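> Residue numbers (full-length UniProt numbering): 1 to 105.
Backbone N, C-alpha and C fix where the C-beta goes; we use that ideal spot for every residue, glycine too.
These numbers come from a predicted model, not from an experiment.
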Amino acid sequence: MECPGGSQIEIGACLRDTLERVDDTVETAYSYALIAAAEIDSATGRPTAAPALETAQGAWNAYRDAHCAYIGETFGGGSGTSLGIASCRIMLGRDRVATLLELAR
1 MECPGGSQIE IGACLRDTLE RVDDTVETAY SYALIAAAEI DSATGRPTAA PALETAQGAW
61 NAYRDAHCAY IGETFGGGSG TSLGIASCRI MLGRDRVATL LELAR
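1) Cα-Cα, which of I9, D23, A13 is closest to A98?
2) In terms of residues, what are the limits of the alpha helix (DSSP H) holding A88?
3) Near R96, which residues of its chain fall below 7 Å by C-beta distance, leaving aside the five closest residues on each side in sequence?
4) Whole angstroms is fine: what's the gap from A43's alpha carbon to A49's?
5) One question on the structure: do G12 and S82 come within less than 9 Å of each other, judged by their Cβ atoms?
Quick look at the structure:
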């Protein structure tokens, strides 16, 4: 788990803080990738890469939300549901950062 040890309240607070940082990092990486896509559009004279990335990011956001909601449902409504959802969003967010930074190169 992302935040081992402590009470469920402490773990929840740790996960919320971590998720906020990951979400901020996703947004930063996305902005870098969008700049790179705009440069491609400028070089080719075809404004297609940046809009395609915007569509892809929207689809990724929807996937993340739906997938992590499913993960939450696997907890059967128990007290760990929010922890499971946050952990899922952290994991997927970190993966997305790596992808976006690769696109920004």
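With the given structure in hand:
1) As a first step, residue 98 must be located in the sequence shown, where it is residue number 98. Residue D23 is the option with its Cα nearest to A98.
2) In the sequence shown, the residue the question calls residue 88 occupies position 88. Ala is not the amino acid found at residue 88; the sequence shown has Cys there. Looking at the DSSP string, the run of the alpha helix (DSSP H) that includes C88 is 81 to 104.
3) For the purposes of this step, residue 96 is identified with residue 96 of the sequence shown, where counting begins at 1. Counting only Cβ-Cβ distances below 7 Å, and skipping sequence neighbours, we find V26, W60.
4) Stepping through the sequence shown from its first residue, residue 43 is reached at position 43. Stepping through the sequence shown from its first residue, residue 49 is reached at position 49. Between A43 and A49, the C-alpha separation is close to 11 Å.
5) The residue labelled residue 12 in the question sits at position 12 within the sequence shown. The residue labelled residue 82 in the question sits at position 82 within the sequence shown. Taking 9 Å as the cut-off, the beta carbon of G12 is found closer than this to the beta carbon of S82.
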